[in-house]
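>
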Amino acid sequence: MLNVGILGSTGRVGSLLIDDLELDNEAKLSACYVSSKLTKSIPENTVVTNEMKILLDSCDVVIDFSVPVATQSLLEEVVENGGNKPLVIATTGFNKHQQNLLIEASKKVPILYATNMSLGVAVLNKLVTLASKALKEFDCEIVEQHHRHKIDSPSGTALTLAEHAARARDLDLDKVRVSGRDGEIGARTKDEIGVMSLRGGDIVGRHTVGLYNDGEFIELHHTATARNTFSKGAIKAAKWLVNQEPGLYSINDCLGL
Ligand SMILES: NC(=O)C1=CN([C@@H]2O[C@H](COP(=O)(O)OP(=O)(O)OC[C@H]3O[C@@H](n4cnc5c(N)ncnc54)[C@H](OP(=O)(O)O)[C@@H]3O)[C@@H](O)[C@H]2O)C=CC1
Ligand SMILES: O=C(O)C1=N[C@H](C(=O)O)C[C@H](O)C1
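Everything in the sequence shown is counted per the UniProt record's numbering, starting at 1 for the first residue and increasing by one.
Structure (structure tokens):
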């Protein structure tokens, strides 16, 4: 039985992870990091802690759906204090320092980092690479829609999709990404990639990658209709990751895509 520790156990996705693990025949909840209060009932003997070291020591693998500062503390425990467990990281909104820390930690333990744990988005990333490369003359624009509670923008998934689109055209996303248009901004430049966010209601997650030309356009849509798409994807990733060597893996590695 795989012992899973959760960082972000009180959150929207973390709570679903607890439910999914309850029903899983190969994995179970062994530890929860809780910074505020856990209101959900959890199996007896589950370790509840607000120390990263204890979380890491009390499981075989950590699944993280939290906030960037919490992920940072988890990664620091690995890089600075020798914490030694595989990590499935799903949190989004990292700054450059946190991204570098992720790379450092992956030299010591296996880390699967995915801004979206769904199979559909894993395939969408592939489709975007293909379409962006084949349709180099088309204008690429990405729109993401999420629930009103989401704190980061644009979504991690939208940024990953944009990275795929940019890389397929040999462009540096940091140089071509446009995150808003307002006022007399002038005509669209050829290489820019717009990444725009809408927030409202309970939208679980919707991403549209559009490729627009004179006379025709393509739009590729992915819609997550249930949040446990992500928790189930992360558990599948954890089962795969525990058999890997230290390194930085993507969801595509896990899915063989
Ligand atoms: N990769 C993917 O497939 C997906 C990724 N996500 C990402 O996962 C993250 C969480 O999403 P969601 O569940 O909706 O968010 P929530 O706001 O519902 O949950 C956030 C969790 O983080 C915890 N947390 C907040 N601050 C700290 C801290 N300083 N130290 C430790 N824990 C802390 C909260 O605990 P407390 O209540 O104790 O504050 C809570 O459990 C987001 O970054 C989101 O973008 C979401 C869905 C899918
Ligand atoms: O915060 C969310 O809810 C989601 N976050 C991820 C992201 O930022 O891409 C994945 C998913 O779209 C839901």
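Each residue gets a CB set at the ideal place from its N, CA and C atoms; glycine is no exception. In this text, all values refer to a predicted model and were calculated from it rather than measured experimentally.
#1: Quick one: residues in its chain with C-beta nearer than 7 Å to the C-beta of Thr-229, no 5 flanking neighbours on either side, listed in chain order?
#2: Among Leu-29, Val-69, Leu-74 and Asp-64, which one has its Cα closest to the Cα of Glu-51?
#3: Of all the options Gly-8, Ala-162, Ser-132 and Lys-107, which has the alpha carbon lying nearest to the alpha carbon of Lys-37?
#4: Asp-139 lies in the alpha helix (DSSP H); which residues open and close that run?
#5: Output the boundary residues of the beta strand (DSSP E) element that contains Gly-5.
#6: Can you find a heavy atom of ligand 1 that lies under 7 Å from the Cβ of Val-176?
#7: Check whether the segment 191-204 touches the segment 113-130, counting contact only when three or more Cβ pairs, one atom from each stretch, lie closer than 8 Å.
#8: Quick one: Cα of Ala-237 to Cα of Val-178, how far?
#9: With contact counted as at least three CB pairs below 8 Å, one residue from each stretch, are the segment 19-36 and the segment 52-63 in contact?
#10: Starting from Arg-199, follow its DSSP beta bridges and name the residues at the other end.
#11: Pro-154 to Leu-171, Cα distance in whole Å?
#12: Leu-161: which of Thr-189, Ile-203, Gly-210 and Asp-202 sits nearest, CA to CA?
#13: Just checking my contact of Thr-129 with His-164 at CB under 8 Å: how many whole Å lie between their CB atoms?
#14: Is DSSP giving Cys-32 helix, strand or coil here?
#15: Thinking just about the alpha-carbon of each residue, which of Gly-183, Thr-157, Asp-20 and Cys-140 is nearest to the one in Ala-168?
#16: Listed in chain order, which residues are found with a beta carbon closer than 5 Å to a heavy atom of ligand 2?
#17: Can you tell me where the beta strand (DSSP E) holding Asn-125 begins and where it ends?
#18: Closest by CA to Thr-189, which one among His-222, Arg-199, Glu-137 and Gly-200?
#19: Distance check for Asn-45 and His-147, CA to CA, integer angstroms please.
#20: Measuring from the CB of Asp-152, is there a heavy atom of ligand 1 at a distance below 7 Å?
#21: Given Lys-126, which residues of its chain have a CB within under 7 Å of its CB, disregarding the five upstream and five downstream residues?
#22: Please go through the same chain and pick out, in chain order, the residues whose beta-carbon is closer than 8 Å to the beta-carbon of Asn-252, but skip the five residues on each side of it.
#23: Roughly how many angstroms lie between the CA atoms of Leu-2 and Gly-120, to the nearest whole one?
#24: Write down the C-beta distance between Val-109 and Thr-91 rounded to the nearest angstrom, noting that I regard them as a contact closer than 8 Å.
#25: Measuring only the C-alpha atoms, how far is Glu-135 from Phe-217?
#26: Within 7 Å: the Cβ of Gly-14 and any heavy atom of ligand 1?
A quick look at the data gives this:
#1: Sequence index remark: in the sequence shown, residue 229 carries index 229 (1-based). Excluding sequence neighbours, Thr-229 sits near Ser-118.
#2: As a first step, residue 51 is located in the sequence shown; it is residue number 51 there, counting from the start. The residue with the shortest Cα to Cα distance from Glu-51 is Leu-74.
#3: Against the sequence shown, residue 37 aligns to sequence position 37. Looking at the Cα atoms, Gly-8 is the closest of the given residues.
#4: Within the sequence shown, residue 139 is the residue found at index 139, counting from 1. Unbroken run through Asp-139 is the beta strand (DSSP E), 139-146; no alpha helix (DSSP H).
#5: By one-based count along the sequence shown, residue 5 stands at place 5. From DSSP, the beta strand (DSSP E) with Gly-5 extends over 2-7.
#6: Residue mapping note: residue 176 aligns to position 176 of the sequence shown, counting from 1. Val-176: no, Cβ never under 7 Å from ligand 1.
#7: no
#8: Here residue 237 refers to the residue found at position 237 of the sequence shown. Here residue 178 refers to the residue found at position 178 of the sequence shown. Straight-line Cα distance between these residues: approximately 32 Å.
#9: yes
#10: Here residue 199 is taken as the residue at index 199 of the sequence shown, counted from 1. Its beta-bridge partners are His-146.
#11: Translated into positions along the sequence shown, residue 154 becomes position 154. Translated into positions along the sequence shown, residue 171 becomes position 171. So the two alpha carbons sit approximately 19 Å from each other.
#12: Counted from its first residue, the sequence shown places residue 161 at position 161. Of Thr-189, Ile-203, Gly-210 and Asp-202, the residue nearest in Cα terms is Gly-210.
#13: Taking the sequence shown and counting its residues from 1, the one referred to as residue 129 is at position 129. Taking the sequence shown and counting its residues from 1, the one referred to as residue 164 is at position 164. Right, their Cβ atoms sit about 5 Å apart.
#14: The residue given as residue 32 occupies position 32 in the sequence shown. Three-state DSSP puts Cys-32 in a strand.
#15: As a working mapping, residue 168 is identified with position 168 in the sequence shown. If we check each option's Cα against that of Ala-168, Cys-140 comes out closest.
#16: Thr-92, Thr-115, Asn-116, Lys-150, Ser-155, Gly-156, Thr-157 and Gly-205
#17: Position 125 of the sequence shown, counting from 1, holds the residue named residue 125. From DSSP, Asn-125 is part of no beta strand (DSSP E) but of the alpha helix (DSSP H) over 119-134.
#18: Sequence index remark: in the sequence shown, residue 189 carries index 189 (1-based). Closest option to Thr-189, Cα to Cα, is Glu-137.
#19: Locating residue 147 in the sequence shown gives position 147, where the first residue counts as 1. Locating residue 45 in the sequence shown gives position 45, where the first residue counts as 1. Approximately 34 Å, taken between the alpha carbons.
#20: Taking the sequence shown and counting its residues from 1, one reaches residue 152 at position 152. Under cutoff, so the answer is yes.
#21: Taking the first residue of the sequence shown as 1, we reach residue 126 at position 126. Excluding residues within five positions, the ones whose Cβ falls inside 7 Å are Leu-257.
#22: Here residue 252 refers to the residue found at position 252 of the sequence shown. Closer than 8 Å at Cβ, skipping near neighbours: Ala-122, Asn-125 and Lys-126.
#23: Along the sequence shown, read from residue 1 onward, the residue named residue 2 stands at position 2. Along the sequence shown, read from residue 1 onward, the residue named residue 120 stands at position 120. For Leu-2 and Gly-120, the distance between alpha carbons rounds to 26 Å.
#24: The residue labelled residue 109 in the question sits at position 109 within the sequence shown. The residue labelled residue 91 in the question sits at position 91 within the sequence shown. Between Thr-91 and Val-109 the Cβ distance is about 16 Å, and since that is not below 8 Å, they are no contact.
#25: For the purposes of this step, residue 135 is taken as residue 135 along the sequence shown, with counting starting at 1. For the purposes of this step, residue 217 is taken as residue 217 along the sequence shown, with counting starting at 1. Checking the sequence shown, residue 135 turns out to be Leu, not Glu. In a straight line, the C-alpha of Leu-135 is about 10 Å away from that of Phe-217.
#26: Sequence index remark: in the sequence shown, residue 14 carries index 14 (1-based). Yes; taking the cut-off as 7 Å, the Cβ of Gly-14 has a heavy atom of ligand 1 nearer than that.
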